[in-house]
Each structure stands twice: as C-alpha cells, then as structure tokens.
C-alpha cells in the first residue's frame with residue numbers, strides 16, 4: 011500500500027500522524043492527554059475532521075472505542091499518555107482482544123533517548139500487552155510513522171480483527187517527519203476456498219435428519235449471507251452470546267442462545283441435532299459447557315477464520331462472508347426436514363416463562379421483558395455490562411439486526427457498559443442507545459457520566475439495583491452455601507446523577523416502571539433509571 015502522506019520536511023511526526031488518521035477516515039478519537047502525547051493533541055486542536063472525546067479514565071477510552079467500533083464496523087482509536095495512562099488501558103485492550111474488536115491504541119512513551127537509570131512514567135509497553143494484542147510495536151527512529159499507523163489499521167481490520175498497540179516515544183513525535191521504510195509485518199492472506207469444501211459440506215447436509223445452524227460473532231459482517239444460507243437449508247438456528255442479532259430473533263427458525271445461560275429450546279436442539287454447522291464460532295467454555303456432552307449426537311462442521319478446538323467432522327478455515335457468498339452462488343437447495351421443523355416449534359412451546367408474584371416487588375426478568383416490549387419500536391442499540399442483567403437481556407430482548415447487542419463476552423468486564431454505550435452513540439447518533447447495567451458494574455466506570463454531560467450524549471442508563479453482586483451471589487449460594495462479600499451498600503444513584511447535572515428517576519414498584527421509562531426516553535440528554543429489584547432472584 012502506498013504512503014498516504016507526501017514528504018514534507020516542515021511537519022513533525024505528530025502532525026503526520028494526525029494527517030494519516032484523517033486520510034484513513036478516522037472521525038473520532040477517545041483519549042486522555044499527558045505530557046508524552048501533547049504534540050499529538052496540539053495537532054488535533056488544528057483539525058476539524060477528527061473529534062476527540064475526553065474520557066475520565068483510560069480504561070473507559072478503550073471501552074468507548076470498542077462500542078464505537080462494534081456499532082460502526084470501523085476501527086476504534088484510543089490516544090493515551092505514558093506510564094499509568096497506558097497501564098490503565100490494559101483491561102480494555104484484553105477485552106477487545108477477547109471479542110475480536112478492531113482498535114488502534116496510540117500510547118505515548120518516554121523519550122527513546124532516556125535509557126539510563128529510573129525514568130518517570132516508564133513501563134515496558136510491549137511486554138505488558140504482547141499476549142492480548144494482534145500486534146504491538148514501538149516506533150523507532152528508523153520508522154516511517156505514516157506507514158506504521160497505516161499498517162496498524164490494516165492489521166486491526168484484516169482476518170480475525172483485534173487491537174493493535176503502537177508505543178510512541180515522545181521525542182520521535184516532536185521531531186521533523188522523514189519518509190522512511192515501513193517496519194510492521196504484513197498480515198497473511200486468508201486461506202483460499204475450493205470446491206472440495208462445498209462438496210463435503212453438501213454431503214453432510216444431505217444425509218442429516220436434524221441439522222442445526224449455530225451463529226457466532228464471526229458472522230457480524232455476514233448477516234445477509236447467513237439469512238440466505240438458512241433459507242437454503244430450511245433448518246433451525248441458534249446463536250452464541252456474541253452471535254445474537256446476526257440472525258433475526260423474531261424469525262420462526264430462531265430458537266435462542268445456547269450455553270450456560272442459554273434458552274431451553276436452543277440447548278435442547280443442540281442435544282438433539284445430528285449435524286451442527288457452526289458459523290464464526292470460537293466454542294468458548296460458556297457455550298460448550300461440558301465439552302464431552304456438547305452436541306453429543308451431532309457431527310460438527312466449523313466454518314471460521316480460526317481452527318476448530320473440537321473434534322469436528324469438517325473444518326473450513328475461511329471468512330464467513332466470503333465462504334457463504336460463494337456457497338450461495340452454487341445455487342444448492344435442500345429439502346426441508348419437516349419432522350425436525352415441527353420438533354423445533356414444539357421446543358419453543360416447552361419454554362417456561364417466569365411467573366411474577368402478585369405483589370409489587372420488581373424482578374429483573376420482568377423489568378427487561380417490559381423494557382424490551384416498550385422500546386421495540388425504536389429498534390435500540392442495547393449495551394450491557396456483565397452479570398445477571400446481561401444474560402437476561404440476551405434472553406428477553408429481540409435483536410433482529412447485527413450490531414444492536416453490544417456486550418463483553420470473552421472477558422466479562424464489569425464497567426464495560428457505560429463507556430461502550432457512549433461510543434455506540436457516537437458511532438450512530440440516530441439510534442436510541444440503552445445501557446443496561448447492574449449496581450456493581452455501574453460503579454466501575456460511573457465517572458464517565460461527566461463525559462456524557464460534556465458532550466450531551468443522550469444514552470438511557472437502566473440500573474438493575476439489587477444491592478448485591480447478583481451473579482456472584484448466585485454462584486456462592488450454589489457452590490459454597492454462603493453469601494460472602496457480595497452485598498453492597500450503594501449510594502443514591504439519583505443524587506449522583508444530580509451532581510453531574512443529569513436527569514435521573516428511581517423506580518421501586520411495577521406501577522412506576524412504564525412512566526419512568528417514558529420520561530427517560532423522552533428526555534433530551536442522558537437519563538438514568540435506578541430500578542430497585544428483588545435481591546435474591548436467580549437466572
């Protein structure tokens with residue numbers, strides 16, 4: 011790829027970095043300034059094409075960039091300073107790596123000339139993140155910064171997506187730019203497809219009596235192709251947590267999410283199928299659970315960029331969109347397995363819906379069911395934190411489009427929700443964004459209410475307030491028969507909102523729920539709905 015910047019001896023490397031970001035189409039950067047990156051901030055102040063969003067903690071900068079990337083489909087950009095400015099990003103970077111989210115993290119570093127003795131804010135950036143990035147690289151005086159940045163974006167976006175970290179020594183940013191040779195390695199090309207893959211897949215499908223399609227997060231760019239594939243096979247569909255919304259939840263073929271906290275119809279179909287076609291699935295332990303019993307009666311076909319960790323009948327390493335597009339062009343059709351489809355419908359009828367007591371106590375399942383029904387007209391983007399509310403959102407909301415359900419899947423990061431919701435809104439101003447969180451998760455990054463206030467970001471924050479770390483309590487009761495260190499004395503969240511000059515309302519009864527949701531959604535700005543729910547509800 012050619013250099014995006016023409017040689018210009020009058021520009022600093024920091025200026026060329028910002029020029030490169032502009033020409034790559036970057037419109038938003040999430041960050042926190044410090045001495046090591048002030049040269050970059052100086053250049054950002056001169057451009058109108060890039061909006062910088064000042065967060066209140068560097069971890070939140072990464073989560074906001076994740077939310078932006080996962081809604082927009084573009085690469086999120088983070089800018090932080092040296093030392094603790096960078097170390098604060100590591101949880102977010104690990105989260106992005108676990109969920110294959112494309113990010114470029116621009117990390118200020120101490121001057122490359124400072125190599126002797128103890129240096130203020132010096133950390134070994136590359137060693138710290140080597141295990142949780144697609145690539146990490148430290149700019150040297152022999153590098154062309156424009157090419158390094160350009161290549162970082164290419165790596166983040168190519169193949170299995172993920173975060174790329176570039177360490178930027180302060181002195182190199184402040185020197186005059188000189189065009190030089192690129193130093194980052196080119197990513198390997200995807201494996202080419204062949205007709206052998208199609209032939210073997212067709213044989214397995216033709217011989218199956220109870221085929222099932224499992225959709226994972228690797229299909230996020232291939233929702234159209236997935237729907238076409240399902241229409242060809244005419245068989246039931248289930249999803250992983252990260253695959254929710256890629257195939258429409260309201261389609262009659264869809265049975266729900268599999269796994270530890272999955273739906274009964276989905277897990278039952280998984281047990282009964284004789285062929286499982288997994289599209290873009292990583293087979294995490296939350297989905298596979300007891301690996302020996304996973305799809306115990308089925309031959310497994312894995313189509314994914316990465317190798318399959320299970321003993322599969324057929325493994326096809328390919329980009330899902332590319333593979334399905336070519337497969338669909340083959341014009342292969344199959345007769346629907348009518349008995350199996352009838353059985354799949356029967357599985358849905360066996361679902362046991364929660365029963366709510368006649369008193370006014372609110373249960374999280376009731377709240378989320380009500381919220382889903384009340385907001386379905388808006389087709390909202392829903393961003394969750396991690397816990398019971400996360401799994402119940404996956405079960406009770408209907409997501410009929412990709413990039414509408416944003417959650418921390420692989421790492422399970424509490425505190426992800428609020429900053430990710432900020433990024434989600436910035437990626438798409440026209441969509442209602444709802445952050446569903448717990449009282450524990452919300453307090454991990456609630457300082458980002460200041461970011462909401464500063465930029466008038468109209469996200470709607472639903473706090474499921476049960477006074478406990480609910481998921482942990484549930485596990486403690488089940489495994490250890492106790493509740494140790496999981497009860498929480500919470501602040502008045504409405505008063506915290508008041509301190510940030512934001513709208514908030516408290517809900518304690520069923521009668522208060524709908525009026526509160528109406529006020530929050532109609533409010534022109536950030537709104538918090540603090541909902542007091544049953545402390546001991548399990549999922």
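In the numbering used here, the protein residues as written are 11 to 549.
C-beta atoms are modelled at their ideal positions from N, C-alpha and C, and glycine is treated no differently.
**Report entry** Simplified DSSP state of residue 11, which is helix, strand or coil
**Finding:** Within the chain shown, numbered from 1, the residue matching residue 11 stands at position 1. Annotation note: pLDDT 47 at residue 11 (below 50); position unreliable, coordinate value reported separately. Residue state, collapsed to three classes: coil.
Helix, strand or coil for residue 317, going by three-state DSSP, please let me know.
-> Mapped onto the chain shown, residue 317 falls at position 307. Coil.
Any idea if residue 101 is buried or exposed, counting beta-carbon neighbours within 10 angstroms, 16 or more meaning buried?
As a first step, residue 101 must be located in the chain shown, where it is residue number 91. With 16 or more other Cβ atoms within 10 Å, it is buried.
Report all residues from its chain with a CB closer than 7 Å to the CB of residue 342; omit the five preceding and five following residues, and keep chain order.
To locate residue 342, count along the chain shown from 1; it is residue 332. So the list reads 212, 242, once near-sequence residues are dropped.
Is residue 358 near residue 219, with beta carbons less than 8 Å apart?
Taking the chain shown and counting its residues from 1, the one referred to as residue 358 is at position 348. Taking the chain shown and counting its residues from 1, the one referred to as residue 219 is at position 209. Against a cut-off of 8 Å, the Cβ pair of residue 219 and residue 358 comes out as no contact.
- Query: Which whole runs of the beta strand (DSSP E) in the stretch 164-251 are 3 residues long or more, in chain order?
  - Reply: 173-179, 221-225, 247-249
Check residue 378 in the structure and name its three-state DSSP category. Stepping through the chain shown from its first residue, residue 378 is reached at position 368. In the structure shown, residue 378 sits in a helix (DSSP, three-state: H, G or I).
Tell me whether residue 512 is buried or exposed, calling it buried when 16 or more other Cβ atoms sit within 10 Å of its Cβ. Walking along the chain shown from the start, residue 512 turns up at place 502. By the 10 Å Cβ count, residue 512 comes out buried.
| Helix, strand or coil at residue 554 [DSSP, three-state] | A question about residue 554 goes unanswered here, because the residues of the chain that appear run from 11 up to 549.
**Item:** CB-CB length for residue 549 against residue 271, believed under 8 Å
**Value:** Position 539 of the chain shown, counting from 1, holds the residue named residue 549. Position 261 of the chain shown, counting from 1, holds the residue named residue 271. Residue 549 to residue 271, Cβ: 6 Å. Contact.
Practice task
Please go through the stretch 259-340 and give each complete beta strand (DSSP E) segment of 3 or more residues, from N-terminal end onward.
Solution key: 264-267, 285-289, 309-314, 324-327
- Message: Report the start-end ranges of each beta strand (DSSP E) in the stretch 37-105 that is 3 residues or longer and not cut off at the edges.
- Response: 38-42, 61-64, 86-90
Per DSSP, cross-strand counterpart(s) of residue 130:
Position 120 of the chain shown, counted from the start, is the residue given in the question as residue 130. Answer is none; residue 130 lacks a bridge partner.
Ordered along the chain, which non-local residues of its own chain (more than five positions away) have a Cβ less than 7 Å from that of residue 258?
Locating residue 258 in the chain shown gives position 248, where the first residue counts as 1. The answer, listed in chain order, is 264, 410.
Check: If you check the beta carbons only, do residue 187 and residue 22 fall under 8 Å apart?
Finding: Position 177 of the chain shown holds residue 187. Position 12 of the chain shown holds residue 22. Contact: yes.
Report task. Could you check if residue 11 is buried or exposed, using at least 16 other CB atoms within 10 Å of its CB as the buried criterion? Result -> Along the chain shown, read from residue 1 onward, the residue named residue 11 stands at position 1. Low local confidence applies: a pLDDT of 47 at residue 11 is under 50, so the model's placement there is unreliable, with the coordinate-based value given in what follows. By the neighbour-count rule (16 or more Cβ atoms within 10 Å), residue 11 is not buried but exposed.
_On a Cα-Cα basis, can you pick out the residue from 157, 133, 166 that is closest to residue 191?_
One-based indexing of the chain shown puts residue 191 at position 181. For the residues 157, 133, 166, the minimum Cα distance to residue 191 belongs to 157.
| Is residue 545 helix, strand or coil when you go by DSSP? | Counting from one through the chain shown, the residue named residue 545 turns up at place 535. Shown here, residue 545 sits in coil according to DSSP, grouped into three states, outside any helix or strand.
Note to self: If I measure Cβ to Cβ from residue 544 and keep anything under 6 Å in the same chain, skipping five residues before and after, which residues do I get?
What the structure shows: In the chain shown, residue 544 corresponds to position 534, counting from 1. Exclusion of the five residues before and after residue 544 leaves 371, 373 as the residues of its chain whose Cβ lies within less than 6 Å of its Cβ.
Checklist line | Nearest to residue 221 (by Cα), restricted to the options 33, 384, 307, 444 | finding: The residue labelled residue 221 in the question sits at position 211 within the chain shown. The residue among 33, 384, 307, 444 with its C-alpha nearest the C-alpha of residue 221 is 307.
- Item | Span of the alpha helix (DSSP H) around residue 516 | The residue given as residue 516 occupies position 506 in the chain shown. Looking at the DSSP string, residue 516 is not in any alpha helix (DSSP H); the run it does join, the beta strand (DSSP E), is 513-517.
Could you give the DSSP three-state label for residue 414: helix, strand or coil? Translated into the one-based positions of the chain shown, residue 414 becomes position 404. Residue 414 falls in the coil class under three-state DSSP.
Below 8 Å, can you find three or more Cβ-Cβ pairs linking the stretch 90-98 to the stretch 116-123? yes
Which residue wins for smallest C-alpha separation from residue 261, given the options 66, 277, 244?
Counted from its first residue, the chain shown places residue 261 at position 251. Cα-wise, what sits closest to residue 261 is 244.
| field | Identity of the residue in 78, 123, 39 nearest residue 560 by Cα | value | What the structure shows of the chain is the stretch from 11 to 549, and residue 560 is not part of that stretch, so it cannot be assessed.
What three-state label does DSSP hand residue 474 in the structure shown? The residue labelled residue 474 in the question sits at position 464 within the chain shown. Three-state DSSP puts residue 474 in a strand.
Notebook entry, point to check: What residue range is occupied by the uninterrupted beta strand (DSSP E) comprising residue 509?
Noted result: Position 499 of the chain shown, counting from 1, holds the residue named residue 509. Taken as a continuous stretch (DSSP letters only), residue 509 belongs to no beta strand (DSSP E), being part of the alpha helix (DSSP H) at 503-509.
**Message:** Starting from residue 355, trace the alpha helix (DSSP H) in both directions and tell me its first and last residue.
**Reply:** Here the question's residue 355 lines up with position 345 in the chain shown. Element bounds for residue 355: 348-359.
Terminal residues of the continuous beta strand (DSSP E) containing residue 532? Stepping through the chain shown from its first residue, residue 532 is reached at position 522. That residue, residue 532, is in no beta strand (DSSP E); its alpha helix (DSSP H) goes 520-532.
* Asked: Between which two residues does the beta strand (DSSP E) carrying residue 146 extend?
  -> Taking the first residue of the chain shown as 1, we reach residue 146 at position 136. Looking at the DSSP string, the run of the beta strand (DSSP E) that includes residue 146 is 145-148.
Separation of residue 24 from residue 504, as counted between CA atoms: Position 494 of the chain shown holds residue 504. Position 14 of the chain shown holds residue 24. For residue 504 and residue 24, the distance between alpha carbons rounds to 42 Å.
(Q) Please report the distance separating the alpha-carbon of residue 134 from that of residue 141. (A) On the chain shown, residue 134 is found 124 positions in, with the first residue counted as 1. On the chain shown, residue 141 is found 131 positions in, with the first residue counted as 1. If you take the alpha carbons of residue 134 and residue 141, they lie about 13 Å apart.
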